[in-house]
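Notes to accompany the following structure.
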Amino acid sequence: MSEIGLAAAIEELRQELYQAQEAGIREQFAFEVEEAQLELILELRSDVRPEGKLSFGLATVGVGGTSASARTHKLILKLKVKDQALGDRNATVNADGESGSVGW
């Protein structure tokens, strides 16, 4: 099973916000991001191997030859998106081309 941790999932969200920001450069309408909601399906997995370890990560799909049991749990994170370059104001999905400051 390839494991994806919580930090990697949040980093992926951050990269998606950067891409949305770039796509909105010089657009007339800006959208302020008040909150980002990240819903994850987490898996607590117990592998039947000699080491008998438990692992916790995002649920993934794969093919393998091991026997395992898993329980899934839903985790919803509500994140307030602040842009440190703009003095921790809410980010916007566009950029202010005149002032040089870039928002989300």
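Taking the numbering used here, the leading residue of the sequence shown gets 227, the next gets one more, and so forth.
Cβ atoms here follow ideal geometry from the backbone N, Cα and C, with glycine treated the same way.
**Report entry** Rounded separation between residue 264 and residue 253 - CA only
**Finding:** 26 Å
Query - Proximity below 8 Å, CB of residue 316 to CB of residue 307 - result: yes
Requested in this report: Please work out which residues of its chain come closer than 7 Å, Cβ to Cβ, to residue 257, disregarding the five sequence neighbours upstream and downstream, and give them in chain order.
Outcome: 318, 319
Requested in this report: Please work out which residues of its chain come closer than 7 Å, Cβ to Cβ, to residue 304, disregarding the five sequence neighbours upstream and downstream, and give them in chain order.
Outcome: 261, 263
Query raised in the report: Considering only residues of the same chain and omitting the five flanking positions on each side of residue 302, which have a CB-CB separation below 6 Å?
Result: 265
Report task. Report the residue from 300, 309, 313, 269 whose alpha carbon sits nearest the alpha carbon of residue 230. Result -> 269
Query raised in the report: Given a threshold of 16 other Cβ atoms within 10 Å of its Cβ, counted over all protein chains shown, does residue 291 qualify as buried or as exposed?
Result: For residue 291, the predicted structure reports a pLDDT of 49, less than 50, and the residue's modelled location is therefore unreliable. A value from the coordinates is still provided. Its Cβ having fewer than 16 others within 10 Å, residue 291 is exposed.
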